[in-house]
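Student: Supplied in structure tokens, the structure appears directly below.
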Amino acid sequence: MKGLLIFPVKGKILNSYGPYRHPRLNIQAFRNGIDIAAERGEPVKAVHGGTVLYASWFRAYGNIVVIDHGDHYYTVYAHLEDVFKSVDHKVEAGDVIAPWETPAPWGYGLYFELRHHDRPSIRSSGSTGISE
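First residue of the sequence shown? That's 7 in the working numbering, and the numbers climb one at a time after it.
Structure representation (structure tokens):
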């Protein structure tokens with residue numbers, strides 16, 4: 007499905023996947039997903055069909071939703087204002103799973119991560135596998 011997944015929220019990519027210098031700590035770090043700037047309340051959508059694996063608050067990420075897409079592929083959506091789906095809920099591509107919240111003081115947007123098995127699967131080439 008690379009290149010065929012829908013974009014999770016209407017907005018602009020703020021931070022890309024891969025290595026970066028942490029602005030406050032001034033250390034080399036690695037980002038496993040992307041941050042997307044969006045308007046408050048903008049609907050966050052499932053990028054592909056699947057089953058909700060986790061839908062609750064998670065330390066450092068706020069409200070998150072994790073969707074199991076089968077064949078060990080998962081998507082993670084974090085910094086959500088609310089969660090509209092519960093565990094074991096079936097979703098289709100484009101289903102609204104949550105509204106995005108107000109940006110955090112440090113400027114992050116919606117955090118989105120695509121995982122295969124236990125590893126992030128967005129490659130360092132910058133390809134997200136999703137289309138805007």
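Just so you know, even glycine gets a beta-carbon here, dropped at the ideal spot from N, CA and C.
For E138 and R30, I'd like the C-alpha separation in whole angstroms.
Tutor: In this predicted model, E138 has a pLDDT of only 43, less than 50, meaning its place in the structure is not dependable; the value taken from the coordinates is given anyway. Taking the straight line joining both Cα atoms gives about 30 Å.
Student: Could you tell me the alpha carbon to alpha carbon distance between V82 and E48, rounded to whole angstroms?
Tutor: Rounded to the nearest angstrom, the two C-alpha atoms are 17 Å apart.
Student: Within 10 angstroms of the Cβ of I33, are there 16 or more other Cβ atoms? Answer buried if so, exposed if not.
Tutor: Exposed, because fewer than 16 other Cβ atoms sit within 10 Å of the Cβ of I33.
Student: Below 6 Å CB to CB, which residues in the same chain sit around G70 once its five sequence neighbours on both sides are set aside?
Tutor: The amino acid at residue 70 is misidentified as Gly; the sequence shows Ile. F64, A84, listed in sequence order.
Student: Do you know offhand how far S22's Cα is from R121's?
Tutor: Distance between the alpha carbons of S22 and R121: 15 Å.
Student: With a CB to CB cut of under 7 Å and the five nearest residues on each side skipped, what residues in its chain are close to F90?
Tutor: Within the same chain, F90 has close Cβ partners V102, I103, A104.
Student: Report the CB separation of G39 from G115 in whole angstroms; it is logged as a contact under 8 Å.
Tutor: Actually they do not touch by this definition, with Cβ atoms about 11 Å apart.
Student: Would you grab the beta carbon distance between V53 and I12 for me? Rounded to a whole angstrom, and I think it's under 8 Å.
Tutor: Indeed they touch by this definition, with Cβ atoms about 5 Å apart.
Student: DSSP three-state label for L116, please.
Tutor: Three-state result, L116: strand.
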